[in-house]
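Contents: one structure, followed by commentary.
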Amino acid sequence: EAVVSTQSTGGRGGKAPGAGGCSASHHFKRPAQPWERTDGAVRLFMELSDVQEAKPELIKMLPKISGATRKQNFEHHKHLLETIYKCLPMIFRRLTKNKVKPFINDFFDGLFYSLKSDMNLLKAAAVECLQSLSLLLGPNILGGRVEMTNYDMFMYIKDTYPETVGA
Numbered sequence: 002e003a004v005v006s007t008q009s010t011g012g013r014g015g016k017a018p019g020a021g022g023c024s025a026s027h028h029f030k031r032p033a034q035p036w037e038r039t040d041g042a043v044r045l046f047m048e049l050s051d052v053q054e055a056k057p058e059l060i061k062m063l064p065k066i067s068g069a070t071r072k073q074n075f076e077h078h079k080h081l082l083e084t085i086y087k088c089l090p091m092i093f094r095r096l097t098k099n100k101v102k103p104f105i106n107d108f109f110d111g112l113f114y115s116l117k118s119d120m121n122l123l124k125a126a127a128v129e130c131l132q133s134l135s136l137l138l139g140p141n142i143l144g145g146r147v148e149m150t151n152y153d154m155f156m157y158i159k160d161t162y163p164e165t166v167g168a
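This is the structure we're talking about:
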């Protein structure tokens, strides 16, 4: 006869598997929220970006991801932005610079919003994405693109993260 401990395991639910009562319990079910499905789709998109045969279709779908960065009318939008800006550097590297260059500016509004976020994980993901874009395009080219898109944000980035925009 198996014995199930109800002592804390230090995990998110605070109980041993099978003890019930935590959100990870297999008994807990609720429909996925649209942002959660989108979050999963972005992660899948990143994994598929490594599949050569999928790349042409994925490039066509980049505007859907950039569109998701502009939706901030739901409670967990910062969590979705965090996932997007964590995944973008890998997606852009795998799909190659020449293929993604036409789409990069479409991600700027959400990136600028994220750089000034009060949520530290989102801000960290945005900084990492900005640094990755700087490596991908070169700091001067990225700086020029940011400056043309949003001069105030260019000045903020130039003062806060000067190495990323060639300042």
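Start counting the sequence shown at 2; every next residue gets the next number (this note's numbering).
From the three backbone atoms N, C-alpha and C, an ideal C-beta is built for every residue, glycine too.
Alpha helix (DSSP H) segment containing proline 64, residue limits: Per DSSP, proline 64 is one residue of the alpha helix (DSSP H) stretching across 56-70.
Methionine 154 versus isoleucine 60 - alpha carbon distance: One C-alpha to the other measures close to 27 Å.
DSSP three-state assignment for glutamate 37, whether helix, strand or coil: Looking at glutamate 37 - three-state DSSP - the assignment turns out to be helix.
Cα-Cα separation between glycine 139 and glutamate 37, rounded to whole angstroms: A straight-line Cα-Cα distance of about 33 Å links glycine 139 and glutamate 37.
Three-state class that DSSP yields for tyrosine 162 in the structure shown: It is coil, neither helix nor strand.
Classification of glutamate 83 by the beta-carbon crowding that lies within 10 angstroms, buried from 16 upward: Flag for glutamate 83 reads buried.
Methionine 120, DSSP secondary structure in three states: It is coil, neither helix nor strand.
Outcome for proline 64 when other beta-carbon atoms lying within 10 angstroms are tallied against a minimum of 16: So proline 64 counts as exposed.
CB-CB length for leucine 112 against tyrosine 86, believed under 8 Å: With a Cβ gap of about 7 Å, leucine 112 and tyrosine 86 count as contacting.
Check whether cysteine 244 and valine 52 have beta carbons under 8 Å apart: For residue 244 there is no data in the structure shown, the boundaries of the chain being 2 and 168.
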